[in-house]
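Take a look at the structure set out below.
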Amino acid sequence: MADRELARLQTFVLDSLAPVSSLIEMLSQPEDESHRLSIEKVRTAVSTAAELIGNASAHISRLRREMVSSINKSLLPLVKG
């Protein structure tokens with residue numbers, strides 16, 4: 231169970247790299263009109279990456295609280311928020 235959840239969290243973290251990888255690829259292309267990197271493309275990729283990183287962080291926080299709760303419930307207030 232724990233390994234499955236950790237693998238799932240790892241997937242969330244890796245998913246956030248997709249838009250960053252796209253940016254790197256676009257920056258590596260020769261500059262012509264078909265591969266022109268617009269501000270909007272950069273904004274979209276960065277926003278998507280930030281959203282996915284936030285999502286991964288929320289899942290990690292939830293798992294952390296669950297793990298602390300199962301070890302010692304008196305520590306739970308320390309990991310809230």
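Each residue of the sequence shown is one higher than the last, beginning at 231 in the working numbering. Note that beta-carbon positions come from the ideal geometry of N, C-alpha and C, so glycine has one too.
The alpha helix (DSSP H) enclosing residue i, as first and last residue numbers
i, result
"S300", "269-301"
"L247", "247-258"
Whole-angstrom distance between residue j and residue i, CA atom to CA atom
i, j, result
"L239", "E261", "36 Å"
"E235", "Q259", "37 Å"
"L277", "S291", "Before going further, note that residue 277 is Ser rather than Leu in the sequence given. If I take the Cα positions, the gap works out to 21 Å."
Selected residue, minimal CA-CA separation from residue i, among the options
i, options, result
"R266", "L293, L257, K303", "L257"
"S252", "T241, D233, R292, V272", "V272"
Exercise for the section: Could you tell me whether the segment 240-251 touches the segment 272-291, using the rule of 3 or more Cβ pairs below 8 Å? Expected result: yes
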